[in-house]
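**Q** Residue numbers (the numbering used here): 428 to 914.
Quick reminder that beta carbons are idealized off the backbone N, C-alpha and C, glycines included.
Quick one: the structure is below, and I'll ask about it shortly.
Below you can see the structure in the form of C-alpha cells.
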C-alpha cells in the first residue's frame with residue numbers, strides 16, 4: 428500500500444473496515460502452517476542425510492555412489508533453503524497478525540462512532556436558541572479525536588505490515604524460488620534449474636522427470652541418464668535400482684541388459700543369479716543361452732554341468748539327453764555315449780540294457796549288435812559269444828543253447844561249428860540230441876563212436892585241482908582212488 432488513503436477517511440469507515448474483516452485468524456493459521464512445513468522439511472533433511480551417510484560409509488562405494496551423493500547433497504541444500512524460507516514466512520505472517528491485533532485494539536469501536544454521530548444530530552435538531560452550542564462543540568471534538576485515533580491505529584498497522592511484507596520476496600521471485608517456471612525454459616516445470624517440460628525437481632534436463640539431476644524422459648529419482656529409469660545414478664533405459672548401466676536391469680551396479688541382482692555377479696543379458704554369462708540364464712555359473720541350473724554351457728539346458736542343446740540332467744553332452752553323463756542325442760539313461768539309448772553306461776545306439784557297447788543291445792554287459800542277454804559278444808545273445816544265441820555263456824557264434832560254440836546250436840557245451848539243433852550238453856559233434864557226445868548221430872549219454880579218446884578219462888576237462896603227478900598211481904590201481912586225470 429504505497430499511498431495510504433485511511434488518513435482522509437472518516438472514523439466511521441476506518442473503524443468499520445477494521446472490525447468488519449476476518450481479523451487475525453487467517454494470518455495466525457498461515458503462520459502455523461508455514462511453521463509446520465518448516466518442521467517437516469527439517470525432519471526430511473535429517474532423515475535423508477542419515478540415509479546417504481550410511482550408504483556412502485561402506486554399503487555403497489564407487490562412481491555410482493559418488494554421483495548419488497552429489498545429487499543428494501544438492502537436494503539437501505535445496506531442502507535447507509526451503510525450510511529457512513518456510514520459517515521466515517511463518518514469522519512474517521505472525522508479525523502481521525500481531526500488528527493487526529494492535530491496530531484493532533487502538534481503533535475506535537464502530538458503535539461509539541455511531542453514537543457520537545447520533546448525538547450530534549440530536550443536539551443540532553434541538554438547538555433552537557443556540558443553547559446546545561457548547562454540547563455540539565464537545566461532541567464534535569470527541570469525533571475529531573476518534574478520527575485521530577483511527578488514523579493513528581491505521582498508520583501503525585500500515586507501518587508494521589509494510590515492514591513485514593518488505594521481508595517477503597516479490598511474487599515473481601516466490602514462483603522462481605518454488606520452482607514454478609512457466610514458459611521460460613520449457614512449459615510448467617516445478618523446481619529449480621529445470622530445462623524441458625513437465626519436470627518436477629531440480630536441474631532436470633528433458634521431459635516429465637521427477638527428482639533431481641535427471642537427463643532424459645520419464646525418469647524418477649536422481650542422477651539418472653536415459654528414459655524410464657527408477658532410482659539413482661542409472662545409465663540407460665528402463666532400469667530399476669542404483670548405479671545400473673544398460674537397459675532393463677533391476678538391482679545395484681549391474682552392467683548389461685535385462686539382468687537382476689547385484690553388480691559384477693552376472694555378465695551378458697537377461698541373466699538371473701550369480702556368475703552367469705550369456706543370455707537368459709537362470710542359476711549359477713551358466714554360460715550360453717536359456718540355461719537353468721548350475722554350470723551349464725550351451726543352449727536351453729536344465730540341470731548341472733550339462734553342455735550341448737536341450738539336455739536335462741547331470742553332466743550330459745550332446746542334444747536332447749534327459750539323464751546323467753550322456754553323450755550323444757536322445758539318451759534317457761545313465762552314462763550313454765551314443766544316440767537314442769535308454770541303458771546305463773551304453774556306448775552304442777539304441778541300447779536299452781546296462782553297460783552295452785553295441786547297437787540294438789538290450790542286455791547287461793552286451794557288446795554285440797542286437798543282443799538281448801548279458802555278457803555277450805555276439806548278436807542277439809544271452810551270455811553267448813555267437814550269433815542269435817539265447818542261452819547263457821556260449822563262446823561260439825550263433826549257438827542256441829548254453830555254452831555252445833556252434834551255429835545254430837540249441838544245446839549246451841557244443842564245440843563244433845555248424846552243428847545245428849543240439850539240445851544236449853557239451854556235444855562236439857553234429858545233430859546230437861544228448862550231451863557229452865563225441866561221435867556222429869549218437870543219442871546216448873557220452874557216446875564214443877567218433878573221436879573217443881584212447882586214454883580213459885582224457886576227454887573230461889581237467890580242473891587242475893589235483894596236479895597230474897599226484898594222481899598217476901590211480902590209473903594202475905583197480906580200485907577207486909584219487910580223481911582220474913587226463914593228459
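Since residue 441 is in the alpha helix (DSSP H), which residue starts that stretch and which ends it?
**A** Run containing residue 441: 438-447, per the alpha helix (DSSP H) assignment.
**Q** Please go through the same chain and pick out, in chain order, the residues whose beta-carbon is closer than 8 Å to the beta-carbon of residue 566, but skip the five residues on each side of it.
**A** So the qualifying residues of the chain are 543, 546, 547 and 550.
**Q** Check residue 468 in the structure and name its three-state DSSP category.
**A** Helix, per DSSP.
**Q** So residue 475 and residue 499 are supposed to be a Cβ contact under 8 Å. How far apart are they, rounded?
**A** About 7 Å; that satisfies the 8 Å criterion.
**Q** Rounded to whole angstroms, what is the Cα-Cα separation between residue 626 and residue 632?
**A** Near 8 Å, if we compare the C-alpha coordinates of residue 632 and residue 626.
**Q** Indicate the three-state DSSP secondary structure (helix, strand or coil) for residue 793 in the structure shown.
**A** With a pLDDT of 49 at residue 793, under the threshold of 50, the modelled position of this residue cannot be trusted; read the value that follows with caution. Note: residue 793 maps to coil in three-state DSSP.
**Q** Taking the alpha carbon of residue 432 as the point to measure from, which residue in 737, 579, 520 and 713 has its own alpha carbon closest?
**A** The shortest C-alpha separation from residue 432 is found at 579.
**Q** Count the other CB atoms within 10 Å of the CB of residue 461; is the residue buried (16 or more) or exposed (fewer)?
**A** Under this definition residue 461 is a buried residue.
**Q** Tell me the rounded alpha-carbon separation between residue 557 and residue 564.
**A** Going from the Cα of residue 557 to the Cα of residue 564 covers about 12 Å.
**Q** Taking residue 505 as the reference, which of 710, 629 and 675 has the closest Cα?
**A** Among 710, 629 and 675, the Cα nearest to that of residue 505 belongs to 629.
**Q** Which of the three DSSP states is assigned to residue 462 in this structure?
**A** Here residue 462 sits in helix by DSSP.
**Q** With DSSP as the reference, please indicate the residues paired to residue 547 in a beta bridge.
**A** Answer is none; residue 547 lacks a bridge partner.
**Q** With 16 other CB atoms within 10 Å as the buried threshold, where does residue 555 fall?
**A** Burial call: exposed.
**Q** Please list, in chain order, all residues of the same chain as residue 695 whose beta carbon is under 8 Å from its beta carbon, the five residues on each side excluded.
**A** Contacts found: 683, 686, 703, 704, 705, 706 and 708.
**Q** Just to confirm my understanding: we take residue 592, look at its own chain, exclude 5 residues before and 5 after, and list those with CB closer than 7 Å. What are they?
**A** If we look at residue 592 and ignore the five residues flanking it on each side, it has no Cβ neighbours.
**Q** For residue 655 and residue 670, what's the separation of their Cα atoms in angstroms?
**A** Between residue 655 and residue 670, the C-alpha separation is close to 14 Å.
**Q** May I ask which residues mark the beginning and end of the beta strand (DSSP E) holding residue 719?
**A** Residues 719-721.
**Q** Do residue 697 and residue 689 have their CB atoms nearer than 9 Å?
**A** No. Outside cutoff.
**Q** Are there 16 or more other CB atoms within 10 angstroms of the CB of residue 453, so buried, or fewer, so exposed?
**A** Residue 453 should be labelled exposed.
**Q** Would you mind listing the alpha helix (DSSP H) stretches within the region 691-718 that are 4+ residues and don't spill past its ends, in chain order?
**A** The region 691-718 contains no whole alpha helix (DSSP H) run of 4 or more residues.
**Q** Are there 16 or more other CB atoms within 10 angstroms of the CB of residue 480, so buried, or fewer, so exposed?
**A** Its Cβ having fewer than 16 others within 10 Å, residue 480 is exposed.
**Q** Any beta carbon from chain B within less than 9 Å of residue 726's own beta carbon?
**A** Given the protein chain composition of this structure (a single chain), no chain B is represented.
**Q** Under a Cβ-count criterion, where at least 16 other Cβ atoms within 10 Å of its own Cβ denotes burial, should residue 805 be classed as buried or exposed?
**A** Because residue 805 sits at a pLDDT of 45, beneath the cut-off of 50, its placement in the model cannot be relied upon, and the following sentence gives the value as read from the coordinates. Buried, since its Cβ has 16 or more Cβ neighbours within 10 Å.
**Q** Can you tell me which of the three DSSP states residue 633 falls into?
**A** Strand.
**Q** Just to confirm, are residue 658 and residue 647 a CB contact at a threshold of 9 Å?
**A** Yes; because the gap between Cβ atoms is below 9 Å, this pair is in contact.
**Q** Below 8 Å on the Cβ atoms is my contact criterion, and I expect residue 730 with residue 717 to pass it. Report the Cβ-Cβ distance as a whole number of Å.
**A** That pair is no contact at about 13 Å.
**Q** Is the separation between the beta-carbon of residue 584 and that of residue 530 shorter than 9 Å?
**A** The answer is yes: Cβ separation under 9 Å.
**Q** Starting from the Cα of residue 503, find the closest Cα among 522, 478 and 515 and give me that residue.
**A** With distances taken between Cα atoms, residue 503 lies closest to 478.
**Q** Report yes or no: do three or more beta-carbon pairs, one from the region 481-491 and one from the region 531-541, lie closer than 8 Å?
**A** At 8 Å Cβ cutoff, the stretches do not touch.
**Q** Any heavy atom of the ligand SAM inside 8 Å of the beta-carbon of residue 703?
**A** The ligand SAM is not part of this structure, which contains no ligands at all.
**Q** Counting along the chain, where does the alpha helix (DSSP H) carrying residue 595 start and finish?
**A** That residue, residue 595, is in no alpha helix (DSSP H); it is neither H nor E in DSSP.
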